[in-house]
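Line by line, the protein sequences are chains A and B.
Per our numbering, the very first residue in the first sequence carries number 138; after that it's consecutive.
Per our numbering, the very first residue in the second sequence carries number 9; after that it's consecutive.
Notes follow the structure.
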Amino acid sequence: MRAPRSNAARALRAVAPLLAFALACAERPWHGILLDPPSAAPPLAVARGDGSRFTLASARGAVTVVYFGYTFCPDVCPTMMADWTRARRALGADTARVRFVFVSVDPGRDSPAIAQGYARQYDAAFEGYATTDAELALILRDWGIAAYPEGDPRTPNYTVAHPAHAYVVDAAGRLRLMIPPGVRGEQIAEDLRRLR
Amino acid sequence: MSRSLKTSAACASALGILLACGGERPPAAAASAAAFVAVGAWARAADSGATTAAYLTVRNGTAVADTIVGVASDAAASTDLHESMESHGMMHMASLAAVPVAAGDSVVFAPMGKHVMLTGTTRGLAAGDTIALTLRFSSGRTLEVRAGVRQP
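Structural data, given as structure tokens:
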């Protein structure tokens, strides 16, 4: 003889798959810092070595990862770039819709060719752009970030203080995510895969 | 030969290699010097004339504290001890004049922290290459280290 089921048990059975689905989807933590609600990404425009211009607005349609660093940076920037290399590898089929953009905040030493060569040594698809003093001033103002030489910029070995995080702009041009230093490439890829 | 004996033999030869790589000077201090070693040294690949970094762990197995006060390398125009640090969302770097290594302790130079900054590499450093580093200590001790180059 079958025991009569309670209404509660029957109801639970009915919603169990929904519950499981909700748990699986919701609250998967982001590795980066989610900017919620997102806002329009600030403008970013720099001249390329060939005289053409790169603008962030022209990258609309792709998820774009942006990092403000400098090529003479011996430790932090190469670590972030190496994580990007691993992220791009881990993205697999999603690679095509993600752009990785390194923007130099060291106009004194980084030329367009140096910045491009620097980015490409990590992955041929990475983009590297130098800034002029005027371009950099606009970027710092519009992004609300800082970058400045530490030590004597007239000597060849000065270092540059620069933002710690990489920024992720979604395909609609909204600033969605900040990636702190130390997030592994595979984790970056997981976050990027969730953005459109 | 029993398994444990084999293991011991393997450990002994590994230790021998480790000590050989340490390349301690002066030889007169061999007894205590044998326990002062650099392990896991590596440098990040870079083009000639670039800036890059090397990393390692310095172990002081002796009973006496010592302090790293300088570093030199044949692979760069200038070589300095540096530390990266994050403060209020900004990345900064500071030059390190002295890095103490307490008796029985280790100091780790690793990405996003303490590192050997190589400025103006004298040649292109490719994965598989090896560079030489010489650490100088306040006691007068020097530690010769071979660092393998890795592609990031």
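We put the CB at the ideal spot given by N, CA and C, even for glycine.
The beta strand (DSSP E) that contains residue i, what's its start and end?
i, result
"A/Leu-312", "311 to 316"
"A/Tyr-204", "200 to 206"
"B/Asp-74", "74 to 81"
"A/Ala-182", "182 to 184"
"A/Ala-303", "303 to 306"
"A/Val-213", "Looking at the DSSP string, A/Val-213 is not in any beta strand (DSSP E); the run it does join, the alpha helix (DSSP H), is 213 to 228."
"A/Pro-249", "Where A/Pro-249 is concerned, there is no enclosing beta strand (DSSP E), although the alpha helix (DSSP H) it sits in stretches over 249 to 257."
"B/Ala-84", "84 to 95"
"A/Ile-170", "170 to 177"
"B/Leu-126", "122 to 129"
Give the secondary structure of residue i by DSSP, where H, G and I count as helix, E and B as strand, and everything else as coil.
i, result
"A/Val-242", "coil"
"B/Trp-50", "strand"
"A/Arg-197", "coil"
"A/Thr-232", "helix"
"B/Ala-62", "strand"
"B/Arg-149", "coil"
"B/Gly-156", "strand"
"A/Arg-190", "strand"
"A/Arg-147", "helix"
"A/Ala-326", "helix"
"B/Val-107", "strand"
"B/Ala-140", "strand"
"B/Ala-102", "strand"
"A/Ala-298", "strand"
"A/Val-320", "coil"
"B/Glu-32", "For B/Glu-32, the pLDDT reaches just 41, beneath the cut-off of 50, and the residue's location in the model is therefore unreliable, leaving the point undetermined."
"B/Ala-41", "Because the pLDDT at B/Ala-41 is just 46, under 50, the model does not fix this residue reliably, and the value given afterwards should be weighed accordingly. Of the three classes helix, strand and coil, the one that applies to B/Ala-41 here is helix, per DSSP."
Spell out whether any CB of chain B is found under 8 angstroms from the CB atom of residue i.
i, result
"A/Asp-212", "yes"
"A/Ala-283", "yes"
"A/Glu-287", "yes"
"A/Phe-209", "yes"
"A/Thr-292", "no"
"A/Thr-201", "no"
"A/His-168", "no"
"A/Gly-186", "no"
"A/Ala-301", "yes"
"A/Ala-227", "no"
"A/Pro-215", "yes"
"A/Ala-298", "yes"
At least one CB of chain A closer than 8 angstroms to the CB of residue i: is that the case?
i, result
"B/Leu-141", "no"
"B/Gly-48", "no"
"B/Ala-86", "The question names Ala, but residue 86 of chain B in the sequence shown is Ser. Yes, B/Ser-86 lies at the interface with chain A (some Cβ there is under 8 angstroms from its Cβ)."
"B/Thr-127", "yes"
"B/Ser-146", "no"
"B/Arg-131", "no"
"B/Ser-81", "no"
"B/Arg-149", "no"
"B/Arg-154", "no"
Between which two residues does the alpha helix (DSSP H) carrying residue i extend?
i, result
"B/Gly-112", "Neither: B/Gly-112 is in no alpha helix (DSSP H) and is coded neither H nor E."
"A/Asp-289", "Per DSSP, A/Asp-289 belongs to no alpha helix (DSSP H) and is neither H nor E."
"A/Ala-262", "First-last for A/Ala-262: undefined, no H or E at that position."
"A/Arg-278", "270 to 280"
Hey, is residue i close to the ligand ZN, as in C-beta under 7 angstroms from one of its heavy atoms?
i, result
"B/Thr-65", "Absent from the structure shown: the ligand ZN. Ligands present: none."
Anything in the region 55 to 75 of chain B with a Cβ closer than 8 angstroms to a Cβ of chain A? List those residues in chain order, please. Asp-55, Ala-58, Thr-59, Thr-60, Ala-61
Does the count of Cβ pairs from the region 63 to 73 of chain B and the region 249 to 260 of chain A closer than 8 angstroms reach three? no
Validate contact between the region 281 to 288 of chain A and the region 181 to 196 of chain A using beta carbons, cut 8 angstroms, 3 pairs: no
To be precise: take each residue of the region 254 to 269 of chain A, compare its Cβ to all Cβ atoms of chain B, and keep it if any distance is under 8 angstroms. Which residues remain? Gly-254, Gln-258, Tyr-259
Would the region 303 to 323 of chain A and the region 169 to 187 of chain A be scored as touching if the rule is three or more Cβ pairs under 8 angstroms? yes
The region 92 to 103 of chain B: positions lying closer than 8 angstroms to chain A by Cβ: Ser-92, Glu-94, Gly-97, Met-98, Met-99, His-100, Met-101
So, do the region 54 to 62 of chain B and the region 102 to 115 of chain B have three or more beta carbon pairs nearer to each other than 8 angstroms? no
Would you check if there are 3 or more beta carbon pairs closer than 8 angstroms linking the region 319 to 329 of chain A to the region 210 to 226 of chain A? yes
Counting beta carbon pairs with one atom in the region 196 to 207 of chain A and one in the region 110 to 125 of chain B, are three or more of them shorter than 8 angstroms? no
Okay, do the region 125 to 140 of chain B and the region 78 to 93 of chain B touch, 3+ Cβ pairs below 8 angstroms being the bar? yes
Please name the residues in the region 104 to 124 of chain B whose beta-carbon is closer than 7 angstroms to at least one beta-carbon of chain A, in chain order. Pro-119, Met-120, His-123
When Cβ atoms are compared, which residues of the region 308 to 323 of chain A fall closer than 7 angstroms to chain B? Pro-318, Gly-319
What residues in the region 229 to 254 of chain A bring their beta carbon closer than 8 angstroms to a beta carbon of chain B? Gly-254
Within the chosen definition, does the region 122 to 131 of chain B reach the region 231 to 251 of chain A through at least 3 CB pairs nearer than 8 angstroms? no
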